[in-house]
Structures are given as C-alpha cells and as structure tokens.
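In my numbering, the protein residues as written are 548 to 882.
Every residue gets a Cβ at the ideal spot worked out from N, C-alpha and C, and that includes glycine.
Shown next, in structure tokens, is the structure this report addresses.
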C-alpha cells in the first residue's frame, strides 16, 4: 500500500519559491500558509493527484491560478486567501465532487464566476471569494450546493439580483454579500434560510421593501442592510427574530414607526436606524435591557425621550441628533 504524507510549513518564514520536489511525493496535505514565498503558484502542483488539502494563504504569491490545478480530482480543501493572485478562477475548480472548502478571498482576481459553478460541487460547505474584483451575476446554480453553510462574496463588483434560489440552501448560516453592486429586491425566498445566523447585504443597490419572510429566519443574530435604497416600513414580522442581537438598517428610505413589538427582542444589543424617515419610537424600546448602541439620528422622530432613556442601564453609545421636533435627547446620567 502506498504511503501518503503531509507537508506543513505554516508561518515559518519559509522563503523563495515552492520546491518542485513536492511534486514527486504522494502528499495528502500541503500547507504552506503564512510564509514569505515568491513567484507564482507552480503548475506542477496539479500533478500531485493524491492531494486532499492545499493551503497556501498569506504567502505573497502572484500571477494566475494555474489551470493544472483542475486535475486535482480528489481535492477537498483549497485555501489561497490573502495572496496577490490575478486573472480568473479556472472553471474546472468548480467541478470537484469532494471539495468541501474553497477560499480565494483577498486577492486581485477578476472575471466572472461560471454560471454552472454550483453544479459540480455537491459537498461544498464553504465558498469564500471576498475582496477581489469579480463581476457579473452571482450564479444561481450555487443553490445546488445543498451542504453550503458559509458563503462569503463581499467586496467585489457583483451586480444583478440576489438569486431567489438561494432560499434552497437550508443549511446556510452565513450569507455575506455586502459591498458589491447588487440590485433589485431582497427575495421573499430568503425567509427559507431557517439556519441563517448572519445576513449581511449592506452597501449595495438593493431596493424594494424588507420582505416579511425575514421573520421566518428564527436563528438570525445579525441583520445588516445599511446603505441601500430599501423603502417602506420595517415589517412587524421582524419581531419574531428572538435571537437577533444586532440590527443595522441605516442610510435607506425606511419610513413609518418602529414596530411596537421590538421591545420583545430581549437579545438586541445594537440598533442603528439612522438616515431614514422613521416617524416614531414605541415605548417598548426602553424594555431592551441589553441595548448598548442606539442610533436613530437623521430621522423624522418627534417627542420627548429623556425620561425613557434612563431605563437603558447598559447603554454605552447613543445618537439621536437631527430628528424633527425632539426634546431632551441628551444622554442621561445613570446611577
């Protein structure tokens, strides 16, 4: 029986290029992250057919991702984060039946993700390509990755809509798509993501209203939709999110009152709703004993609030400036 080996030189300040001698070893794992490597990702890595895990992150590599890596049919984990890689991701990398984690974040990759990207990755659990120059639509075919739990595509140039088919990703826990150019409405189907913990869609060009189905994401802890053009009222269904700890919807076009049932969300620590057109705050807001950050500035809120603010015992940051007709909004002294 052929022996298989692991080569791990993590953060050892290993310098120079990747030695070609690795190509003749029956390696299952090759981990070279955190070194001071030079040059490109060598094509000969594609000859190590036994490789299951290839990790060369934080290592100063540049140039294209070699197409020879498409030959690694047994690959389960690929980590190329935080290098200086350019060009596009070879399409064959999206045809790996054993791949569970694939990370290309924080490089200078460009081009498009193939429209068929999700059809050849039945075991994919994590896909990260954040902080690049990728463009075009986010492939709806990723909804075929039924085991996907983490999707990080933020900080790119993706446009077009959020695929409605993402509602099929029943195991998804992190959907991080902020700082792109995504447009259109947040799909109603997003409510089917019952295991989602973080929904981060901020800093895009999204419009329409917040779908009422958001209340069906029972495990949601953080909701970030800031810096879009989302309009209408905050749906009452948001009060079903009993695990919600942070809600940041600032710089949108939201209007109407903050729902009175918001006081039932006892885990809320952060509420940032500045730069909208909200009209009133319910008295139930002052029941949120864990609230630490409250920002309601630049809205159309009127009335006197100071006596209510004394109920927020752990409040550490508050901004209520430039709301219409307010009185007594200075932070009170707590004893």
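- Nearest to residue 734 by C-alpha distance, out of 865, 752, 758, is 758.
- In the DSSP assignment, residue 674 is bridged to 649, 698.
- For the set 844, 657, 615, the Cα lying nearest the Cα of residue 705 is the one of 657.
- Restricting attention to 799, 842, 666, 576, the CA atom closest to the CA of residue 780 is found in 799.
- Per DSSP, the continuous beta strand (DSSP E) segment holding residue 600 begins and ends at 600-602.
- About 20 angstroms separates the Cβ atoms of residue 817 and residue 784, ruling out a contact at the 8 angstroms cut-off.
- The residue from 684, 814, 743, 578 with its alpha-carbon nearest to that of residue 696 is 743.
- Collapsing the DSSP output to three states places residue 840 in a strand.
- Using a 10 angstroms sphere on the CB of residue 612, the tally of other CB atoms reaches 16 or more, which defines it as buried.
- In the DSSP secondary-structure assignment, residue 616 is not bridged to any residue.
- Counting every other CB atom within 10 Å of its CB across the protein chains shown gives residue 821 a total of 16 or more, marking it as buried.
- Assignment of beta-bridge partners to residue 721 by DSSP yields 697, 745.
- Between the C-alpha atoms of residue 832 and residue 824 there is a straight-line separation of about 18 angstroms.
- Comparing alpha carbon positions, the residue from 815, 777, 723 closest to residue 754 is 777.
- Judged by DSSP secondary structure, residue 705 falls within the beta strand (DSSP E) whose first and last residues are 704-707.
- For residue 570, no beta strand (DSSP E) segment is defined, and its DSSP state is neither H nor E.
- In the structure shown, the three-state DSSP call for residue 778 is strand.
- The C-alpha of residue 752 is placed about 14 angstroms away from the C-alpha of residue 702.
- The beta carbons of residue 644 and residue 667 sit closer together than 9 angstroms.
- In this structure, the straight-line span from the alpha carbon of residue 801 to that of residue 788 is close to 19 angstroms.
- For the pair residue 685 and residue 652, the Cα-to-Cα distance works out to about 15 angstroms.
- Per the DSSP secondary-structure output, residue 804 pairs in a beta bridge with 827.
- The secondary-structure analysis by DSSP pairs residue 562 across a beta bridge with 583.
- Looking from the CA of residue 849, the closest CA among 714, 768, 826 belongs to 826.
- The C-beta separation of residue 586 from residue 616 comes to about 16 angstroms, leaving the pair out of contact by the 8 angstroms criterion.
- For the 9 angstroms CB-CB criterion, residue 563 and residue 584 form a contact.
- Residue 773 is not a Cβ neighbour of residue 740, given a cutoff of 9 angstroms.
- In this structure residue 813 touches residue 835 by the C-beta definition: roughly 7 angstroms separates them, less than 8 angstroms.
- In the DSSP annotation of this structure, the continuous segment of the beta strand (DSSP E) that includes residue 730 starts and ends at 728-732.
- For the pair residue 635 and residue 654, the CB atoms are not nearer than the 9 angstroms cut-off.
- Partner residues in the beta bridge of residue 680, as assigned by DSSP, are 657.
- The beta carbon of residue 623 sits closer than 7 angstroms to those of 599, 600, 645, 646, 647, all from its chain and outside the five residues before and after it, given in chain order.
- DSSP places residue 606 in the coil class of the three-state scheme, outside both helix and strand.
- Residue pairing for residue 640: DSSP places it in no beta bridge.
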